[in-house]
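Sequence order for the protein chains is Y and U.
So the first sequence is residues 1161 to 1412, counted in the working numbering.
So the second sequence is residues 1161 to 1412, counted in the working numbering.
Just below is one structure, and these are the notes that go with it.
There are 2 protein chains.
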Amino acid sequence: MPLRRIKLVIEYDGSCFHGWQIQNNANTVQEEIERAVYKITGEQTRVTGSGRTDAGVHAYGQVAHFDTNSNIPPVKFSDALNSALPSGIAIILSEEVSEDFHARFSATKKTYKYKILNRKARSPIMEKRAWHIKGMLNVDSMNEAARNFIGYHDFTAFCSSGHNITSFERNIYISQWTVDNEHLVYTVSGDGFLYNMVRIMTGTMVEVGMNKRAADSIFELFEKKDRNLSGITAPAHGLYLVEVNYEQDTRN
Amino acid sequence: MPLRRIKLVIEYDGSCFHGWQIQNNANTVQEEIERAVYKITGEQTRVTGSGRTDAGVHAYGQVAHFDTNSNIPPVKFSDALNSALPSGIAIILSEEVSEDFHARFSATKKTYKYKILNRKARSPIMEKRAWHIKGMLNVDSMNEAARNFIGYHDFTAFCSSGHNITSFERNIYISQWTVDNEHLVYTVSGDGFLYNMVRIMTGTMVEVGMNKRAADSIFELFEKKDRNLSGITAPAHGLYLVEVNYEQDTRN
């Protein structure tokens, strides 16, 4: 068979793994998928994700690609890999893409959700699935802050250090909180995200919701570009990578 | 302190326990709560639930009561017990009730939800939280069947045997499916439920959704009173006890 590039859409429970990226002495999503590809094809291949997710972060729709000489039909890879993967990871979709498709570099849009459980008692059912905040949050103020993120801004103040990044400017398309009883869900969509960006944005908006900071202080943070002035990094276990979009990424 | 009766509203992740009721050599919710009461009060007391839930069944709002001579203020029991309970169980609310309140016999209404994930790929995030059904279900037919359950009927055909029951008649107030993308959620509310009743009702409606049985076959099942004619028992891990209601149950 000629070499073919396969695109995967992947769901995982972040609480089961030490994040996406392969590392020594730790169980990661990338490693598990590479191991499953080896099991079903006998090929040792690199599985490249759209980006890393930290330990604890969940995904409904992480995207990755890999190359294979296997004669397994592209759409059948999902079933085949699922039978070889641990229960914490599932391939939702597999399809052939053109050889110039790249899960990371071809991505044009990413969407995340951040879930907060806002009530007094902790929740066994949402334990590793949402950030539990006991004090009542003002969601109207949080939505006012959320709207201020929309557009093209410098997100230096919303990026953890320690990574080689040349540009801190990102374009945010959607940024809003929805409420379902005691569940607050933040949806954010943009052309790209810096390291810990959604978690720092969320932590900053939570401080707005606690009346510790004004909703329009976001504009000051864009200007000052100082991580020390923005809010805390919200915990990993409330974050979900929901979708990664591409332009004309598939042959189908 | 005089003896006081305390009512608890309890959430638990059913996948962590062998059901509600105490049994030998198995970890149960009732046992864990009695142990926690002992830890914080030094009293060995019986915690009586509104009813059993089987292994795997979850609860957002199980209700139980117990009697105590402790001087812990009734509303403070929730925090105190939560610090002594494993992460799979949380007390959402605690309050004093009159001595004739009984979690089981005073209950006037119960509400359950049953969650189905209807898509091809399994879901790591919903793994022990929903019944995964791959084949596309016809939710309109399922809702037609669901409406047929509403009212006062004989549910003999929807009850697992092996329990001493004198009356099989129950009154169902709410019975409907809602759809959120690939998630189907059944909500059912009634004056009481027989053993495995919601799970057999769900299994029967799923057979309707698979076009294996007609929506109006429900009426025949009421008449024939034969468990062998109804559908399969849906798996425990999709079922949630959502709420138990009482009339004038609290002093507050």
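Note that CB positions come from ideal geometry on N, CA and C, so glycine has one too.
In this text the structure is predicted, and so the values were computed from the model without any measurement.
| Asked | Found |
| --- | --- |
| What residue does the alpha helix (DSSP H) around U/Y1312 start on, and which one ends it? | Segment G1311 to D1314 is the beta strand (DSSP E) holding U/Y1312; no alpha helix (DSSP H) there. |
| Apart from the five residues just before and just after Y/V1368, which ones in its own chain have a Cβ nearer than 6 angstroms to its Cβ? | S1301, M1302, A1305 and A1375 |
| Rounded to whole angstroms, what's the CA-CA distance from U/R1307 to U/T1347? Just pull it up for me. | 11 angstroms |
| Flag U/S1335 as yes if its beta-carbon sits less than 8 angstroms from any beta-carbon of chain Y, otherwise no. | no |
| With DSSP run on the structure shown, which of helix, strand or coil describes Y/A1396? | helix |
| Does Y/D1214 get closer than 8 angstroms to chain U when you measure Cβ to Cβ? | no |
| Please list, in chain order, the chain U residues whose beta carbon lies closer than 7 angstroms to that of Y/Y1171. | Note that residue 1171 of chain Y is Glu in the sequence shown here, rather than Tyr. Near Y/E1171 (Cβ distances below 7 angstroms), the residues of chain U are S1283, P1284 and I1285. |
| Between Y/R1289, Y/T1393, Y/N1324 and Y/T1364, which lies nearest to Y/F1379 when the distance is taken from Cα to Cα? | Y/T1364 |
| Just the chain Y side, please: which residues come within less than 9 angstroms of U/H1397 by C-beta, in chain order? | Near U/H1397 there are no residues of chain Y at all, since even the closest Cβ is about 12 angstroms away, more than 9 angstroms. |
| Could you compute how far the alpha carbon of Y/T1393 sits from the alpha carbon of U/S1327? | 56 angstroms |
| Buried or exposed for Y/D1173, going by 16 or more other Cβ atoms inside 10 Å? | buried |
| Mapping the DSSP letters down to three states, classify U/Y1198 as helix, strand or coil. | helix |
| Contact between the segment 1336-1345 of chain U and the segment 1275-1293 of chain U is defined here as three or more beta-carbon pairs at a separation below 8 angstroms; is this criterion met? | yes |
| With three or more C-beta pairs closer than 8 angstroms as the rule, is the segment 1208-1219 of chain Y touching the segment 1233-1246 of chain Y? | no |
| Just tell me which of Y/S1175, Y/Y1220, Y/N1242 and Y/L1163 has its CA closest to the CA of Y/E1194. | Y/N1242 |
| Just to check my reading of the structure: Y/C1319 and Y/M1370 have Cβ atoms closer than 8 angstroms, yes? What is that Cβ distance to the nearest angstrom? | Actually they do not touch by this definition, with Cβ atoms about 23 angstroms apart. |
| Closest to U/M1296 by C-alpha separation, out of U/S1390, U/V1366 and U/G1221, would be which residue? | U/V1366 |
| Any idea which residues DSSP pairs U/N1278 with across the strands? | U/I1293 |
| State yes or no: is the beta carbon of Y/A1250 nearer than 8 angstroms to at least one beta carbon in chain U? | yes |
| Look up Y/T1410 in the DSSP assignment and say whether it is helix, strand or coil. | Annotation note: pLDDT 45 at Y/T1410 (below 50); position unreliable, no value reported. |
| Using alpha carbons as the reference points, say which of U/R1373, U/I1170 and U/G1311 lies closest to U/G1209. | U/I1170 |
| In chain Y, which residues lie with their C-beta within 7 angstroms of the C-beta of U/S1238? | A1281 |
| Against U/N1242, what residues of chain Y qualify as contacts under a CB-to-CB distance less than 8 angstroms, listed in chain order? | A1281 and R1282 |
| Name, please, each residue of chain Y whose Cβ falls closer than 7 angstroms to the Cβ of U/S1247. | P1284 and E1287 |
| How close, in whole Å, do the beta carbons of U/H1292 and U/F1261 come, if the pair is a contact with beta carbons under 8 angstroms? | Contact doesn't hold; Cβ gap of about 39 angstroms is too wide. |
| How many whole angstroms separate the CB atoms of Y/G1311 and Y/I1332, which I take to be in contact at a CB cut-off of 8 angstroms? | 6 angstroms |
| Identify the continuous beta strand (DSSP E) that holds Y/E1259 and give its terminal residues. | Element bounds for Y/E1259: n/a, residue is neither H nor E. |
| Rounded to the nearest angstrom, what separates Y/I1325 and U/Y1274 at their Cα positions? | 47 angstroms |
| How would you label Y/G1202, buried or exposed, when you count the other beta carbons within 10 angstroms and need 16 or more for buried? | exposed |
| Let me make sure I understand the geometry here. Which of Y/K1294, Y/E1256 and Y/N1298 has the alpha-carbon closest to that of Y/N1229? | Y/E1256 |
| Could you please give the first and the last residue of the uninterrupted beta strand (DSSP E) stretch that includes Y/L1381? | Here Y/L1381 belongs to no beta strand (DSSP E); instead the alpha helix (DSSP H) covers S1377 to K1384. |
| Quick one: what's got a C-beta closer than 8 angstroms to U/Q1190's C-beta in the same chain, skipping five residues either side? | W1180, Q1181, I1182, V1207, G1209 and A1224 |
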